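Read through the structure below, which is laid out as structure tokens, and then see the notes.
Protein chains: 8
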Amino acid sequence: MDHHRALRRGFPETVLAEGKTPEQVARILGSLAAQSELVIATRASAEHFAAARADIPDAEYHEQARIIRVGPTPGPVADRPPVAVVTAGTSDIPVAEEAAVTAELAACSVERVWDVGVAGIHRLLEHREQLTRAGVIVVVAGMEGALASVVGGLVDVPVVAVPTSVGYGAAFEGLAALLGMLNSCASGVVVVNIDNGFGAGRFAAMVCRRTAHEDEQ
Amino acid sequence: MDHHRALRRGFPETVLAEGKTPEQVARILGSLAAQSELVIATRASAEHFAAARADIPDAEYHEQARIIRVGPTPGPVADRPPVAVVTAGTSDIPVAEEAAVTAELAACSVERVWDVGVAGIHRLLEHREQLTRAGVIVVVAGMEGALASVVGGLVDVPVVAVPTSVGYGAAFEGLAALLGMLNSCASGVVVVNIDNGFGAGRFAAMVCRRTAHEDEQ
Amino acid sequence: MDHHRALRRGFPETVLAEGKTPEQVARILGSLAAQSELVIATRASAEHFAAARADIPDAEYHEQARIIRVGPTPGPVADRPPVAVVTAGTSDIPVAEEAAVTAELAACSVERVWDVGVAGIHRLLEHREQLTRAGVIVVVAGMEGALASVVGGLVDVPVVAVPTSVGYGAAFEGLAALLGMLNSCASGVVVVNIDNGFGAGRFAAMVCRRTAHEDEQ
Amino acid sequence: MDHHRALRRGFPETVLAEGKTPEQVARILGSLAAQSELVIATRASAEHFAAARADIPDAEYHEQARIIRVGPTPGPVADRPPVAVVTAGTSDIPVAEEAAVTAELAACSVERVWDVGVAGIHRLLEHREQLTRAGVIVVVAGMEGALASVVGGLVDVPVVAVPTSVGYGAAFEGLAALLGMLNSCASGVVVVNIDNGFGAGRFAAMVCRRTAHEDEQ
Amino acid sequence: MDHHRALRRGFPETVLAEGKTPEQVARILGSLAAQSELVIATRASAEHFAAARADIPDAEYHEQARIIRVGPTPGPVADRPPVAVVTAGTSDIPVAEEAAVTAELAACSVERVWDVGVAGIHRLLEHREQLTRAGVIVVVAGMEGALASVVGGLVDVPVVAVPTSVGYGAAFEGLAALLGMLNSCASGVVVVNIDNGFGAGRFAAMVCRRTAHEDEQ
Amino acid sequence: MDHHRALRRGFPETVLAEGKTPEQVARILGSLAAQSELVIATRASAEHFAAARADIPDAEYHEQARIIRVGPTPGPVADRPPVAVVTAGTSDIPVAEEAAVTAELAACSVERVWDVGVAGIHRLLEHREQLTRAGVIVVVAGMEGALASVVGGLVDVPVVAVPTSVGYGAAFEGLAALLGMLNSCASGVVVVNIDNGFGAGRFAAMVCRRTAHEDEQ
Amino acid sequence: MDHHRALRRGFPETVLAEGKTPEQVARILGSLAAQSELVIATRASAEHFAAARADIPDAEYHEQARIIRVGPTPGPVADRPPVAVVTAGTSDIPVAEEAAVTAELAACSVERVWDVGVAGIHRLLEHREQLTRAGVIVVVAGMEGALASVVGGLVDVPVVAVPTSVGYGAAFEGLAALLGMLNSCASGVVVVNIDNGFGAGRFAAMVCRRTAHEDEQ
Amino acid sequence: MDHHRALRRGFPETVLAEGKTPEQVARILGSLAAQSELVIATRASAEHFAAARADIPDAEYHEQARIIRVGPTPGPVADRPPVAVVTAGTSDIPVAEEAAVTAELAACSVERVWDVGVAGIHRLLEHREQLTRAGVIVVVAGMEGALASVVGGLVDVPVVAVPTSVGYGAAFEGLAALLGMLNSCASGVVVVNIDNGFGAGRFAAMVCRRTAHEDEQ
């Protein structure tokens, strides 16, 4: 493991639990936690957490976000604008929570706006003021992923779009949402991998953190 | 040619010009025009029209729609609700015109609403009243095709979505818009082939015509 | 939840059960049923229904259609033409039932025509009269999906085509049928997502309802 | 060149002109013609033919089929059942002609049935008797390719289906027709590559020839 | 069910078991068996067979071929050339058996040639004489599917190629073999759907049967 | 046109020239320039520029970036960190220039780092200090697009990755680079559409501008 | 089985266990082991091994590599340069072990370099000397597969790249890594199928063996 | 340019001409030639060469291989086994020549074996002895690409397979051949990008060169 890399970036060392056994995840987390105040595992199942908890009593589990955390979540740094995390539907919430918790672990404040999909545009419009105040917006949507374009056109804030695998048939496990977001007619929209809430939260936090860093100068 | 089929359907016999030589199109149109009051050719180039005009002096060309018409456009039948044709951007207009002219040729009145893409949602919202009064709405959009979902969520009117090949890169010649529209989170949205303005206009007219037909009873 | 939207559309509020836990579905249905006379959940498993039934004693289950219904199915509105629902094969029936029940929930009368795939064209031809009287036809077919084109060519009625994931190998989970239906050589054919019986039934009912609405004027 | 292979198979040596310069095609045809009574080039343009004609005065060009022939077409062998070649639309004729001419060059009689696509099913039904008498049927269709299934269900004759690149948008250059034909719900249908009229004609002739060969024993 | 179609074709009525419950398959087979001497179900699991056997005591199960048969396999008709069924590897045998049993059920004699993949070309060459005597060859191969081209080049006999889903990674569930076979550089090769042993056997039998029919004249 | 939207965002109104005629672009630019100090057209050809110049004498052309500009480029706002634009190869420069000029038009300073592809990793390492000082890095790369991951792992700065259509064969017009960038093993990497230099520059400028905005408070 | 082929190649006869039952694998291995000193089965599960061990007491299991071995691993031949096997991440190790064990079974020495993905480029650079001394390098990586390009650019040694199915979403089961490696901007990189550690190890050993063979002359 | 990299690898610095203007190629070649004895440009058109020749009088053009060379081709180093380059058909020769010339520029001797596709397996078998003596074999094939598997099974020599874009329809510009080669049932086969003759020749030469290098010790 390259601990220097982790420290250099001001973000907890992160283990991708998916594809590893519960025992492997528990062992790696334990080893990392011996050297760092805060370490996490993403895409972690309940089994991963059970194994980790057995070894590391103060491990905690963000269940919806599927994140195991060892060490305290830092409080948000003052004067940084919040990260807004927005979902189209209820089924997008687990990926959105992964993004939200990730940003919080990077000391950002997060505002959650759930279930404002474009089929009911007025619900979204009611949140316009709130979204305008965000430093960056993470938009999480499956099916056709149209929410990213609408949000990107609505407010003058950078948008990180996360396509989800929510949907069926020609959604092709998130491909439809991915292509939709890549072809957004709104400018200011960038995209991460399907279901990659962690990547979106991490990027949002980097933008948010740099903003604050400049403030401090 | 199966003329009975054409008559049975109350729509002019239609020739797909694309993939035929100008001479072939001129000859077929001439032959059909000898037996019918109104015949058309779709996806017709200027060359197709030049050849047709040389043979059939009263042939006319709907240039943007790329439709050659031989015979008079019927006036709209009274009491039928209008077909609304809506585009996301300027580049979608040729396909939208193909839909609009097709519906007009089936004796529907058409309302054109151009350039109301979701990146500027307020332009679309200004047309809400107008769209609510339509009998059916044809939504024409390329890139991510999000307009279909937003319109479908906005008004309680059946929506026929036409993905266009407008865009580049991961638009994949209209595939992104097609998948987006098929996965629309709004109900009441159906889809036709990429750039198939004719098909959308034809279907819209069938719905509109049946509505009127019921009225007459 | 945006109840006004539901009321505005004259269709029961609908919950997509797939991707939600039985408990979530039961809770949402219960909450909606407290405010509306009729609510439904689609793509619901037996487990979803068991949980719903435990909370809401008068919940009912359309098993083949996989729809949970709370509240009475409205009787069909007189003078509306029926919706015909047609399948190519036996395996397409669950998706077809989803379409049929959906249309019935919107107060349409439905005629079911099962198992008239194109490999035995004469069975379909026997139903021609019946299909001609329909207000709209929902065609449900997997494999190559050819039935949509044949029906579209046979009668002068709008066709909503539903590709199903029935088939194997190069059927690619419904992609072959989807592409076939999008490229139908018959005009008057529109398409919804793979296995989206609900979307087809909903659209068919919108067309049927508007027709009736005009009648009433 | 492996002339023995050609002779062994009872079919003229064949050059694929596409991808070769006119000069190359002319030179290869000339060399082959010095050793064989009958040689051909497929997918040949007018330029290919001009170069061949300059070198080989008795070269002939089947223009629609895009086949250059050097040597006499053999008369059909008596008592072999004919090969029927059927198209869905006018634009499929060049590929169908390639199949038909190929079968004729293998000493089969060919019956051409043009323009019987499924959107007008009655035109096809009128040809049922004729198709039943064929030894093998080549079905040539683009767009959704549904004709292969309908023919396969209609008569008890082996069907060789040729998808064509006719269509646009989600036809994806013949992919929709290819997938449709591979998933045909009718049994007795086999498929060749997109636009491969030569392959279909060649296979049909092999079936036809063997039939006759058995007769002679 | 369209029994006339089955009788017309001289092949037992066939039920596709896959996608049906064991009870459904047992019921349909029982109903068909009451009217026909020989009926079958394809892609049938052991559970399907157990249910069928409980209802129909003389049902038999071709386990590798996954075919349930009710009624006697007809003996091969004399003077028809045999159908050769060839596999590249051991894992292709179930699909090959489906083809072989299907051809036998149509009264063809079948010669099985297993495990002659192109990585050991000499094993295949040893069977050249045998293959030359066949009336039609069914080639069953997964992975890259190269065996179809090599057999097609080796002997002057029509080849029906069956791609299988054997392989992993970029085999994409049989897509690689399917594309390879469609692009065969050997002429005389046609293709059926991935894993469609039934379709290949059925087509081979139709060719074989017609050949014999001509003999009888 | 929605001018308020443009003003609200602090970025010049932008016309997508591609897909429009030179005359259309000239007319739209002229109309916009009458109301705004600075307007641009992207993906503009030399023909587009010639037409624009004829109408608007002070139009200027960023040839490599294919951007027509009417009005002065704003000087970079002090105290904002620069945007670094990095390319893998020479052929990526046009897309990179589009990103760079776009960021400059939004009043950002830009540092160009050309031709540091991963096949010669030491050239990239020499720029590490420079990249670390950037506020955001735009990485432009075709073929396998690996540069985005390496840059993302090297420095703790947000990375906007632009896949380009540079490459051939299995590059599939930029698809390989797009997928590679979406699956980057480095965190802090987001992606825009293939060849979308404008989108990347626009997003980078939004991040850069907000940073400065916070500074000013 | 073609034993001569196996002997000719100087590599143990190999059974692909995947897709075979444990009993089949045990039987084939037993039969082969009666004739050869060393035989193996690849892609073998624990169940495969249990069945093999029951029949063949001295069968051994390389668990991570999923290889069953019957007979002694040959010692590495002196003077052959080693094969280096390199992984991007921990999840790539099973495929890498398959490659490494395969090369060892062909009498090559192997150097394992785990977990040097490009997100931490300095870990890779520390291994540069070691990699330069290798005769051939097998690079095993999932996600975007960028490691192959970086290694290929770093040292002047032939690289065999193995894409793995590690990743999610737009990794598409290894497709992203496969395309990335095929489009590597570094020369000297070749590719095998997704997860095909055996193929890479086998090819590496062939190169290594030939090198030694030349030495001996 | 990183000249040290080029020197380190013992291969002439290489410019990819495709995608560059003739002037750019001429300028870069001139600059490189001032510092190196031998430089080349690949995928170069006649226009590229004309511009290069105007500036650099001793530039030479390998027309079929589309390679511009400035400086003398090195003679082959003694005692290295030859590289065999094999094609399936005539249309594959340009890509094969690119591979062959590339290997010659790296001081390898090359044996060309043209037109031994698997449809005429005996032509290939006649070359078996010759292929067995090669140090590495480059197999160049389009369509289904089966030649790679057959060669890989025939001789115990490493095979580098190059899929070409030769073919049409479902060849999908070389995709069919690429997938076929990746799934080769023969071991010892690795693959490069579609039409990448340079990459194959370069890799073959690296293998060949190392062999010789070991000899010299």
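Residue numbers (our numbering), protein chains in the order written: chain E, 36 to 252; chain A, 36 to 252; chain Z, 36 to 252; chain P, 36 to 252; chain L, 36 to 252; chain H, 36 to 252; chain X, 36 to 252; chain U, 36 to 252. Yeah, the Cβ is synthetic: ideal placement off N, Cα and C, and Gly gets one too. Since the structure is predicted, the reported quantities are computational estimates derived from the model, not experimental observations.
Gly-204/L versus Ile-103/X, Ser-66/X, Glu-58/X, Arg-78/X, residue with shortest Cα-Cα distance: Of the candidates Ile-103/X, Ser-66/X, Glu-58/X, Arg-78/X, the one whose C-alpha sits nearest the C-alpha of Gly-204/L is Arg-78/X.
What does the Cβ neighbour count give for Gly-110/L, buried or exposed, with the cut at 16 atoms within 10 Å? It is exposed - the Cβ of Gly-110/L has fewer than 16 other Cβ atoms within 10 Å.
Going by DSSP in three states, Leu-73/L sits in which element: helix, strand or coil? Leu-73/L falls in the coil class under three-state DSSP.
Any idea what DSSP makes of Val-242/Z, helix, strand or coil? Of the three classes helix, strand and coil, the one that applies to Val-242/Z here is helix, per DSSP.
Reduced DSSP category for Arg-104/L - H, G, I as helix; E, B as strand; rest coil: Here Arg-104/L sits in strand by DSSP.
Who are the Cβ neighbours of Thr-108/U in its own chain at under 7 Å, not counting the five residues just before and after it? These residues qualify, in order along the chain: Glu-139, Leu-140.
Flag Glu-179/P as yes if its beta-carbon sits less than 8 Å from any beta-carbon of chain Z, otherwise no. With a threshold of 8 Å between beta carbons, Glu-179/P makes contact with chain Z.
Three or more C-beta pairs closer than 8 Å, one from the stretch 119-132 of chain H and one from the stretch 172-182 of chain H: is that the case here? By the Cβ test, the stretch 119-132 of chain H is in contact with the stretch 172-182 of chain H, since at least three Cβ pairs between them sit closer than 8 Å.
Closest by C-alpha distance to Gly-215/Z, when choosing among Phe-207/P, Val-195/P, Val-148/P: Of Phe-207/P, Val-195/P, Val-148/P, the residue nearest in Cα terms is Phe-207/P.
Using a Cβ-Cβ distance under 8 Å, would Phe-233/P count as near chain U? At a cut-off of 8 Å between beta-carbon atoms, Phe-233/P makes no contact with chain U.
Is there a Cβ of chain E sitting closer than 8 Å to that of His-38/H, yes or no? Per-residue confidence for His-38/H stands at a pLDDT of 46, beneath the threshold of 50, marking its modelled position as unreliable; no derived number is given.
Helix, strand or coil at Pro-57/H according to DSSP, with G and I counted as helix: Pro-57/H: helix per DSSP, three-state reduction.
State the Cα-Cα distance for the pair Asn-228/E and Thr-199/L, rounded to the nearest angstrom. C-alpha separation (whole angstroms): 32 Å.
Cβ contact (3+ pairs, closer than 8 Å) linking the stretch 140-149 of chain L and the stretch 149-161 of chain U: Segment contact: the stretch 140-149 of chain L against the stretch 149-161 of chain U, fewer than three CB-CB distances shorter than 8 Å; contact not assigned.
Please give me, in chain order, every unbroken run of the beta strand (DSSP E) with length at least 3 that falls completely inside the stretch 105-185 of chain U. Counting whole runs of 3 or more residues, the stretch 105-185 of chain U contains the beta strand (DSSP E) stretches 118-122, 145-148, 171-176.
Counting only beta-carbon separations shorter than 8 Å, does Gly-236/L have a partner in chain U? Chain U, which has no Cβ nearer than 8 Å to the Cβ of Gly-236/L, makes this no.
Which one of Gln-99/Z, Glu-72/Z, Ala-100/Z, Val-105/Z has the shortest CA to CA distance from Val-60/Z? Of Gln-99/Z, Glu-72/Z, Ala-100/Z, Val-105/Z, the residue nearest in Cα terms is Val-105/Z.
By the three-class DSSP mapping on this structure, what secondary structure does Glu-208/Z have? If DSSP states are grouped into helix, strand and coil, Glu-208/Z belongs with the helices.
What is the DSSP secondary structure of Arg-43/H, reduced to helix, strand or coil? The predicted model places Arg-43/H with a pLDDT of 44, which falls under 50 and marks its position as unreliable; any figure quoted below should be read in that light. Looking at Arg-43/H - three-state DSSP - the assignment turns out to be helix.
Local conformation of Ala-79/E per DSSP, three classes: Reduced to three states, the DSSP call for Ala-79/E is coil.
Given a cut-off of 8 Å, decide if Pro-57/U and Ala-86/U are closer than it, judged by their beta-carbon atoms. It is a contact, given that the beta carbons lie within the stated cut-off.
CB of Thr-125/L within 8 Å of CB of Ala-240/L, strictly: Inclusion of Thr-125/L and Ala-240/L in the CB contact set at 8 Å is not warranted, their separation being larger than that value.
Sorted by chain position, which residues of the same chain lie with C-beta nearer than 6 Å to Val-224/P's C-beta, five sequence neighbours on each side aside? Answer for Val-224/P: Ala-183, Gly-187, Val-194, Ala-196, listed in chain order.
Is the CB of Val-185/E under 8 Å away from at least one CB in chain Z? Judged by the 8 Å Cβ criterion, Val-185/E is not in contact with chain Z.
According to DSSP, is Ala-89/U helix, strand or coil? Correct three-state label for Ala-89/U: helix.
Determine the extent of the beta strand (DSSP E) in which Ala-196/U is found, giving its start and end residues. Counting along the chain, the beta strand (DSSP E) containing Ala-196/U begins and ends at 194-198.
Starting from the C-beta of Ala-134/A, find all residues in its chain whose C-beta is less than 6 Å away, skip the five residues before and the five after it, and write them out in chain order. Within the same chain, Ala-134/A has close Cβ partners Val-120, Val-173, Gly-232, Ala-235, Gly-236.
Take His-83/A and list the residues in its own chain whose beta-carbon comes closer than 6 Å to its own, dropping the five residues that flank it on each side. Excluding positions up to five away in sequence, the list reads Ala-52, Pro-57, Val-60.
Would Leu-64/A pass as an interface residue toward chain Z - the criterion being a Cβ-Cβ separation below 8 Å? Using beta-carbon distances, Leu-64/A does not count as an interface residue toward chain Z, since no partner is under 8 Å.
Cα-Cα, which of Val-190/L, Glu-161/L, Arg-158/L, His-162/L is closest to Val-171/L? It is Val-190/L.
State the Cα-Cα distance for the pair Arg-115/Z and Leu-73/Z, rounded to the nearest angstrom. A direct Cα-Cα distance of roughly 21 Å separates Arg-115/Z from Leu-73/Z.
For the beta strand (DSSP E) that contains Glu-98/H, what are its first and last residues? First-last for Glu-98/H: undefined, no H or E at that position.
Taking the beta carbon of Arg-168/A as the centre, do at least 16 other beta carbons fall within 10 Å, making it buried, or is it exposed? Under this definition Arg-168/A is an exposed residue.
Taking the straight line between their C-alpha atoms, what separation do you get for Pro-47/H and Ile-156/A? For Pro-47/H and Ile-156/A, the distance between alpha carbons rounds to 19 Å.
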